[in-house]
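Visitor:
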Amino acid sequence: MLSKTQTLLRTLLAALALFMAAPLAAAPDIQEWTTPNGARVLFIAADALPMIDIQVVFDAGSARDGTRYGVAQLTSELLGEGAGTLDADAIAATFEGLGARFGYNAERDMAAVTLRSLTDPALLDPALELLETVLGQPTFPADALERLRGQMQIALQAEQQSPGALARKAFYRALYDDHPYGNPPNGTPASLAALTRDDVVAYFEQYYVARNALVAIVGDLDRAAAEAIAERVTSGLAAGEAAADLPPVPKLLVPISVHVDHPSAQTHIMVGQPGIRRGDPDYFALYLGNHSFGGSGLVSRLSQEVREERGLAYSVSSYFMPMRQAGPFQVLLQTRSDQAAEALALVDDNLQRYVAEGPTDEEFAFSRRNVTGGFPMRIDSNGKLVGYLGMIGFYGLPLDYLDRFIERIEAVDREQVAEALERRVDPARMVTVTVGPRNPRGG
Amino acid sequence: MLARIALLALGLLPAGLVAATKVHEFNLDNGLRLLVQEDHRAPVVVSQVWYKVGSSYEHDGITGASHVLEHMMFKGTEKVPTGEFSRRIAELGGRENAFTSRDYTAYFQTLERSRLETAFELEADRMRGLLLDPEEFAKEVRVVMEERRLRTEDSPTSLTYERFNATAFLTSPIRNPVIGWMDDLESLRVEDLQTWYRQWYAPNNATLVVVGDVDPEAVHALVQKHFGPLEPSVIVPPKPRPEIDQRGTRRLTVRLPAELPYLVMGYKVPVLGTAEESDDAYALEVLAGVLDGGNSARLARDLVRGSAIAASAGAGYSLHGRLPGLFLLDGTPANGHDVATLEQALRDQVRRLQEEPVTADELARIKAQVVAGKVYERDSVFYQAMQIGTLETVGLGWEQLDAYVERVNAVSPEQLQQAARKYFDDDTLTVAVLEPLPIVVETEEGSGQTDEIVEADETKEERSDAQ
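Those protein sequences? They're chains Z and D, same order as listed. All the letters of the first sequence, read from the start, carry residue numbers 7 to 449 under my numbering. All the letters of the second sequence, read from the start, carry residue numbers 352 to 818 under my numbering.
#1: Which residue wins for smallest C-alpha separation from Glu363 of chain Z, given the options Z:Phe299, Z:Leu124 and Z:Leu408?
#2: Looking only at DSSP bridge pairs, what is Gln460 of chain D linked to?
#3: Could you tell me which residues DSSP pairs with Pro382 of chain Z in its beta bridges?
#4: 8 angstroms is my cut-off, CB to CB: does Ser270 of chain Z come that close to chain D?
#5: Quick check: the Cα distance between Gly442 of chain Z and Asp380 of chain D, rounded to an integer number of angstroms?
#6: For Ser437 of chain D, would you say it is in contact with chain Z, using Cβ-to-Cβ distances shorter than 8 angstroms as the test?
#7: Hey, how far is the Cα of Asp115 of chain Z from the Cα of Gly72 of chain Z?
#8: In the DSSP assignment, find the unbroken beta strand (DSSP E) run with Thr558 of chain D in it and report its ends.
#9: Nearest chain Z C-beta to Thr522 of chain D closer than 8 angstroms, yes or no?
#10: Once DSSP output is grouped into helix, strand and coil, what is the label at Asp432 of chain Z?
#11: Out of Z:Asp35, Z:Asp53, Z:Gln167 and Z:Glu87, state which residue places its alpha-carbon closest to the alpha-carbon of Gln272 of chain Z.
#12: Please list, in chain order, all residues of the same chain as Glu341 of chain D whose beta carbon is under 6 angstroms from its beta carbon, the five residues on each side excluded.
#13: What number of angstroms, rounded off, separates the C-alpha of Pro394 of chain D from the C-alpha of Asp730 of chain D?
#14: Phe459 of chain D and Ala449 of chain D - do their beta-carbons sit closer together than 8 angstroms?
#15: State the CB to CB distance for the pair Gly480 of chain D and Lys430 of chain D, rounded to an integer number of angstroms; the pair is presumed to be in contact (CB under 8 angstroms).
#16: Less than 8 angstroms between the beta carbons of Val361 of chain Z and Val431 of chain Z, yes or no?
#17: Where does the unbroken alpha helix (DSSP H) through Thr273 of chain Z begin, and where does it stop?
#18: Return helix, strand or coil for Thr428 of chain D, following the three-state DSSP convention.
#19: Per the DSSP calculation, Met616 of chain D is bridged to which residue(s)?
#20: Relative to the C-alpha of Leu607 of chain D, which candidate in D:Ala783, D:Tyr408, D:Ala416 and D:Glu568 has its C-alpha closest?
#21: What residues of chain D sit near Met57 of chain Z, judged by a beta carbon separation below 9 angstroms?
#22: Taking Cβ positions only, does Lys576 of chain D come closer than 8 angstroms to chain Z?
#23: Just list the residues that DSSP pairs Ile58 of chain Z with in beta bridges.
#24: So is Ile660 of chain D in contact with chain Z if we call contact Cβ pairs under 8 angstroms?
#25: Unbroken beta strand (DSSP E) runs of length 3 or more, entirely within the segment 672–725 of chain D: which are they?
#26: From which residue to which residue does the alpha helix (DSSP H) around Leu603 of chain D run?
#27: Flag Ile282 of chain Z as yes if its beta-carbon sits less than 8 angstroms from any beta-carbon of chain D, otherwise no.
#28: Which same chain residues end up closer than 7 angstroms to Glu421 of chain D when comparing Cβ atoms and leaving out the 5 residues on each side of it in sequence?
#29: For Gln388 of chain D, write down the residues that DSSP places opposite it in a beta bridge.
#30: How about Ala664 of chain D: is its Cβ closer than 7 angstroms to a heavy atom in the ligand SAH?
#31: Pull up the distance between the alpha-carbon of Ala434 of chain Z and that of Arg447 of chain Z, whole angstroms please.
#32: What is the residue span of the alpha helix (DSSP H) that His185 of chain Z lies within?
#33: May I ask which residues mark the beginning and end of the alpha helix (DSSP H) holding Thr341 of chain Z?
#34: Any residues in the segment 580–601 of chain D with a beta carbon nearer than 9 angstroms to a beta carbon of chain Z? Which ones, in chain order?
#35: Give the DSSP-derived three-state secondary structure of Gly448 of chain Z in the structure shown.
#36: Can you grab the Cα-Cα spacing for the pair Tyr5 of chain Z / Ile415 of chain Z, in whole Å?
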């Protein structure tokens, strides 16, 4: 018969085994090189499925708009509208006839062009040829530009009937003011009306260049094949220069409250301030800190307080969105308008207390287990891997980012989290945006 | 020319490229069905429990009950107190959630493979042991009302669609929204959920789908251990409640504060399980692709580009519903065009499908996408499990997964034309138009105010320039 101590020890070991046994999804090997004209390439070989994912990411998001708000998005959307001798119909029909998925998007930092294809050469070769043409010989047809201008104007109108979109817009404007992150990605009525084809061509020539590009490739091919593909799809790009550094984001000196009247049933609430950059040394501490606060779904402190205890909201969360420069830290929720003051007070109180005290030991340990235990699910598909490659490459993160992710999370202790939160989040200087039928602060 | 060559090449590929789905089937004595698919690409597993119950099973007065019950499934059993389910999964690094639709309610966990048993233990416990505490219910039903406000009440197009759908169907239960009518949510009681839970939550009304880096026999043993002891129930299938014949176009106008007009139209159509000829259902599926299967499809090519009448336009069809539904067309007119012009343009598209055969190129493009899509979907264990679960729960069987590519490939231009003529009939059409009213908030002073009020002076000088 085992002694009590032995039994206890055994239970303890079993419990430890459970938590340590997470057989590490070995992070895949990332290979790196540069194309002859200067584009950086990251590649992961993944041979389980006969497919390939390619992302070509440019530092060409709306932060590069200058005063021509919307030009990044317009340029991105025009890429599918004409290339070489092909018009939009031919480009779409060719990709789709090959079973390939071609896409493009522009956000604040990045503009990406993406292709997913089967690896059969009869399908892949023509898809790559077309991608090369799209990137190397875009024609920016004038009639397509007019049509897209109209669609972007409609998108601006659509924002006016969406309290969520109105809140995001007001939040970014208050947070970033005239910093490039304050640029409205889809423009303003006046800026859209003023954009010309020359603006688009100039934008493309400056930013869609090899030294401002990152090519991410994941799929069933070897290094030599990946090198050939990377060289091919970027071969039409000018070498150019990497975009200049964006200015740092000024800190908020005073709290800012913005209310937008809207006849909605709910009031949308956003609270936040400029947060952190990608690669910030505090990233892992703040990621864990936010995880317990509002980043872990129903079990987060915010969710417990706002949703589980009081039934005030369906969705309540917080996150840091690291960008080239300080991306936002934000809390977001929506509640029936007559409850908005109560919900806002709860957010303010909880944020203040949490920043002052940090997570409890229990919350911290829990978050750490969730993040490390969930690591295998971060990298379990080609689609997720190519997303990570794009991020690692674009933001210049170390190539062992995935390899050492768990190690870096485990290197953080509760005190570091508490200290980082207190140093980096200032509850006294928050932007608070409300959109709804009445100002919950009585304004 | 380029495209033509590739299409020929593709014609040779499908059979070899798309390996048959290998699903391991197990049936427990208590009626629980277990379907396991191996996927060893990553040390990850997804577990999904699918119940045959959803909004199309509900009767008037309790609409939304299936979905509220889904929320309450996280609120505790005798063994596992409220919130503990989510905590235990999260502690293992897992991701979990649930979803309700017309035909099913499903619960899922995604975990590192060695942690699968916890999901089984917890799911088996709440399959028969839910508490349904009145206080928890009182809070959670308010959460659901917030969800409804977020998704529907404050979205002009969602509100329009909801009324459109309730007009298109008079007697079929699919006339009701999955989330329920707000007034029904207001009057819902925890006793209604008790009844609903006892009526539908039993092993013999559930399918457990597991996809990932697992051994099917080992999974079966674990499932037997945790779910095996559960008692089955007597499950009485829902009454048929068929939709009565529609005898003429129905039109409605929805007037709401909004910026943009919106049009949605739908023709009554069968689904795969109810079509007299299952070829018809696949023809409708392909017709949706002809209109809206990508940026080269007709609505994007002819209406968004081409005539540029539409800022956006779409078409949709649900092949795998349990009950007959609609073939949908919708859109927002481009600036300078009105809803009537857009409606006419969409009707012209329908007429063209009836009068002219779809070209070989168009059909080949759709088939190419379907074949490639079969490979791409293997990139997600979650999506694979979703498909198996859906097909099983609506009564079609997972085998339809493999039939899909073959059946789509077999559709001919003549079948498409016949299906368009047979089903796109004005007498079964419903048309809804969202007519925007000004977006105005009535303030106490009685004047509309849509501008922003900035309380603090927000000037550049108040910001420091240093980070």
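Using N, Cα and C, we set each Cβ at its ideal position, and we do this for glycine too. Being a predicted model, the structure only gives us computed values, none of them experimental.
Guide: Put simply:
#1: For the purposes of this step, residue 363 of chain Z is taken as the residue at position 357 of the first sequence. Residue Z:Phe299 is the option with its Cα nearest to Glu363 of chain Z.
#2: Indexing the second sequence from 1 puts residue 460 of chain D at position 109. According to DSSP, Gln460 of chain D bridges with D:Ser398 and D:Glu447.
#3: Here residue 382 of chain Z refers to the residue found at position 376 when the first sequence is read from its first residue. For Pro382 of chain Z, which the question treats as bridged, DSSP gives no partner whatsoever.
#4: Indexing the first sequence from 1 puts residue 270 of chain Z at position 264. For Ser270 of chain Z, a Cβ of chain D is located within less than 8 angstroms of the residue's own Cβ.
#5: Taking the first sequence and counting its residues from 1, one reaches residue 442 of chain Z at position 436. Taking the second sequence and counting its residues from 1, one reaches residue 380 of chain D at position 29. Those two C-alpha atoms are separated by around 54 angstroms.
#6: Residue numbering aside, residue 437 of chain D sits at position 86 when the second sequence is read from its first letter. It does: the Cβ of Ser437 of chain D has a partner Cβ on chain Z nearer than 8 angstroms.
#7: Taking the first sequence and counting its residues from 1, one reaches residue 115 of chain Z at position 109. Taking the first sequence and counting its residues from 1, one reaches residue 72 of chain Z at position 66. Here the alpha carbons of Gly72 of chain Z and Asp115 of chain Z stand approximately 13 angstroms from one another.
#8: Residue mapping note: residue 558 of chain D aligns to position 207 of the second sequence, counting from 1. First-last of the beta strand (DSSP E) with Thr558 of chain D: Ala557 to Gly563.
#9: Within the second sequence, residue 522 of chain D is the residue found at index 171, counting from 1. No - not a single Cβ of chain Z is within 8 angstroms of the one on Thr522 of chain D.
#10: Taking the first sequence and counting its residues from 1, one reaches residue 432 of chain Z at position 426. In the three-state DSSP reduction, Asp432 of chain Z falls in the coil class, being neither helix nor strand.
#11: In the first sequence, the residue the question calls residue 272 of chain Z occupies position 266. When each option's Cα is compared against that of Gln272 of chain Z, the closest is Z:Gln167.
#12: Because chain D here runs from 352 to 818, residue 341 of chain D falls outside it and cannot be looked at.
#13: Working through the second sequence from its first residue, we reach residue 394 of chain D at position 43. Working through the second sequence from its first residue, we reach residue 730 of chain D at position 379. Computed Cα separation, rounded: 14 angstroms.
#14: In the second sequence, counting from the first residue as 1, residue 449 of chain D sits at position 98. In the second sequence, counting from the first residue as 1, residue 459 of chain D sits at position 108. Yes, they are a contact pair.
#15: Residue 480 of chain D sits at position 129 when you count from the first residue of the second sequence. Residue 430 of chain D sits at position 79 when you count from the first residue of the second sequence. Their Cβ separation, rounded to whole angstroms, is 7 angstroms, which keeps Gly480 of chain D and Lys430 of chain D in contact under 8 angstroms.
#16: As a working note, residue 361 of chain Z is residue 355 in the first sequence. As a working note, residue 431 of chain Z is residue 425 in the first sequence. For the pair Val361 of chain Z and Val431 of chain Z, the CB atoms are nearer than the 8 angstroms cut-off.
#17: Position 267 of the first sequence, counted from the start, is the residue given in the question as residue 273 of chain Z. Thr273 of chain Z: not part of any alpha helix (DSSP H); member of the beta strand (DSSP E) spanning Gln272 to Pro280, first to last residue.
#18: The residue you call residue 428 of chain D lines up with position 77 of the second sequence. In the three-state DSSP reduction, Thr428 of chain D falls in the strand class (E or B).
#19: Mapped onto the second sequence, residue 616 of chain D falls at position 265. DSSP links Met616 of chain D through a beta bridge to D:Leu680 and D:Val782.
#20: Locating residue 607 of chain D in the second sequence gives position 256, counting from the first residue. Comparing C-alpha distances from Leu607 of chain D to each of D:Ala783, D:Tyr408, D:Ala416 and D:Glu568 shows the shortest one belongs to D:Ala783.
#21: In the first sequence, residue 57 of chain Z corresponds to position 51, counting from 1. The contacting residues are Ala723, Val726, Tyr727, Arg729 and Asp730.
#22: Residue mapping note: residue 576 of chain D aligns to position 225 of the second sequence, counting from 1. Judged by the 8 angstroms Cβ criterion, Lys576 of chain D is not in contact with chain Z.
#23: Sequence index remark: in the first sequence, residue 58 of chain Z carries index 52 (1-based). Z:Ser123 and Z:Gly225.
#24: Within the second sequence, the letter at position 309 stands for residue 660 of chain D. So no, Ile660 of chain D is outside the interface.
#25: Correct list: 676–684.
#26: What you label residue 603 of chain D is simply residue 252 of the second sequence in a count that begins at 1. From DSSP, Leu603 of chain D is part of no alpha helix (DSSP H) but of the beta strand (DSSP E) over Arg601 to Pro608.
#27: Position 276 of the first sequence, counted from the first residue, corresponds to residue 282 of chain Z. For Ile282 of chain Z, the answer is no, since every Cβ of chain D falls outside 8 angstroms of its Cβ.
#28: For the purposes of this step, residue 421 of chain D is taken as the residue at position 70 of the second sequence. For Glu421 of chain D, where only same-chain residues beyond five positions count, the Cβ hits under 7 angstroms are Ala449, Thr451 and Thr456.
#29: For the purposes of this step, residue 388 of chain D is taken as the residue at position 37 of the second sequence. Answer by DSSP bridge pairing, in chain order: D:Val374 and D:Val562.
#30: The ligand SAH is absent from the structure shown, which contains no ligand whatsoever.
#31: Position 428 of the first sequence, counted from the first residue, corresponds to residue 434 of chain Z. Position 441 of the first sequence, counted from the first residue, corresponds to residue 447 of chain Z. Distance between the alpha carbons of Ala434 of chain Z and Arg447 of chain Z is about 16 angstroms.
#32: Position 179 of the first sequence, counting from 1, holds the residue named residue 185 of chain Z. That residue, His185 of chain Z, is in no alpha helix (DSSP H); it is neither H nor E in DSSP.
#33: Against the first sequence, residue 341 of chain Z aligns to sequence position 335. Bounds of any alpha helix (DSSP H) do not take in Thr341 of chain Z; it lies within the beta strand (DSSP E) bounded by Pro334 to Arg342.
#34: Only those residues of the segment 580–601 of chain D whose C-beta falls short of 9 angstroms from the nearest C-beta of chain Z would be listed, and there are none.
#35: As a working note, residue 448 of chain Z is residue 442 in the first sequence. In the structure shown, the three-state DSSP call for Gly448 of chain Z is coil.
#36: There is simply no residue 5 of chain Z to check, as chain Z begins at 7 and stops at 449 in what is shown.
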